[in-house]
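Asks:
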């Protein structure tokens with residue numbers, strides 16, 4: 001009963017460097033010489049929303065996700081709530097769920113990873129509130145004039161993950177600010 005365990009966990013998340021956070025679509029830090037602006041990805045009211053499928057688009061059991069960046073999804077598919085930035089629709093059963101809202105969003109940059117988090121989705125069967133996490137990756141030659149598009153990456157406990165290659169996620173950062181774990 002006098003057991004003691006020591007666990008050594010090597011991870012870059014233990015590095016000294018703080019992450020940068022914003023509740024808008026822009027992140028700037030003069031101290032770290034970083035400037036990120038995702039507002040060019042925000043769609044207006046006349047633009048069709050970004051969409052991503054959880055499976056083949058012909059599969060009636062798959063979901064389609066409608067997304068916007070730092071703004072409302074402009075489609076009746078998602079319902080009337082004014083802050084919906086991510087919603088999940090199952091075409092076969094006309095099921096619509098709010099998967100995240102932008103009024104409490106967080107844009108986070110840490111060690112080269114740029115993440116946009118939309119909380120406050122509708123409750124799911126497990127009791128969790130739905131949430132959307134978009135991982136942006138720098139791709140200077142992304143489709144659609146550098147805008148790129150989201151790709152569904154998976155779901156865990158009603159948190160929906162998307163990967164999005166876009167030129168607007170490219171950040172120049174001083175090398176000494178990056179913290180990495182080498183194998």
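Residue numbers (full-length UniProt numbering): 1 to 183. Beta carbons: idealized from backbone N, C-alpha and C, even for Gly.
Closest by CA to residue 139, which one among 106, 21, 165 and 51?
Replies: In the chain shown, residue 139 corresponds to position 139, counting from 1. Ranking the options by Cα distance to residue 139, first place goes to 165.
Asks: Please classify residue 97 as buried or exposed, where buried requires at least 16 other C-beta atoms within 10 Å of its C-beta.
Replies: As a working note, residue 97 is residue 97 in the chain shown. Answer is buried; the Cβ neighbour count reaches 16.
Asks: Hey, residue 37 and residue 168: beta-carbon distance below 8 Å or not?
Replies: Here residue 37 is taken as the residue at index 37 of the chain shown, counted from 1. Here residue 168 is taken as the residue at index 168 of the chain shown, counted from 1. Yes.
Asks: Judging by CA-CA distance, which residue of 109, 52, 110 and 157 is the nearest neighbour of residue 125?
Replies: Here residue 125 corresponds to residue number 125 of the chain shown, with the count starting at 1. Taking only the C-alpha atoms, the option nearest residue 125 is 157.
Asks: Using the rule of at least 16 other Cβ atoms within 10 Å of the residue's Cβ for burial, across every protein chain shown, is residue 4 buried or exposed?
Replies: As a working note, residue 4 is residue 4 in the chain shown. Exposed, since its Cβ has fewer than 16 Cβ neighbours within 10 Å.
Asks: By the three-class DSSP mapping on this structure, what secondary structure does residue 77 have?
Replies: Locating residue 77 in the chain shown gives position 77, where the first residue counts as 1. DSSP places residue 77 in helix when its eight states are reduced to three.
Asks: Can you give me the C-alpha to C-alpha distance between residue 155 and residue 23, rounded to a whole angstrom?
Replies: On the chain shown, position 155 is the one that residue 155 refers to. On the chain shown, position 23 is the one that residue 23 refers to. For residue 155 and residue 23, the distance between alpha carbons rounds to 23 Å.
Asks: Kindly examine the ligand FMN and report whether one of its heavy atoms sits closer than 7 Å to the Cβ of residue 128.
Replies: The model on display carries no ligand, and the ligand FMN is accordingly not part of it.
Asks: For the stretch 78–86 against the stretch 97–116, are there 3 or more C-beta pairs whose distance is under 8 Å?
Replies: The answer is yes - the stretch 97–116 touches the stretch 78–86, with three or more Cβ pairs under 8 Å.
Asks: Using a Cβ-Cβ cutoff of less than 7 Å, which residues in the same chain neighbour residue 175 once the five nearest sequence positions on both sides are dropped?
Replies: Counting from one through the chain shown, the residue named residue 175 turns up at place 175. Because the pLDDT of residue 175 is 49, which lies under 50, any placement of that residue in the model is unreliable, and the question is left without a value.
Asks: Taking the straight line between their C-alpha atoms, what separation do you get for residue 113 and residue 152?
Replies: To locate residue 113, count along the chain shown from 1; it is residue 113. To locate residue 152, count along the chain shown from 1; it is residue 152. So the two alpha carbons sit approximately 17 Å from each other.
Asks: Helix or strand or just coil, what does DSSP make of residue 92?
Replies: Position 92 of the chain shown holds residue 92. Note: residue 92 maps to helix in three-state DSSP.
Asks: Could you pull out every residue in the same chain whose Cβ sits closer than 6 Å to the Cβ of residue 53, ignoring the five residues on either side in sequence?
Replies: Within the chain shown, the letter at position 53 stands for residue 53. So the list reads 62 and 64, once near-sequence residues are dropped.
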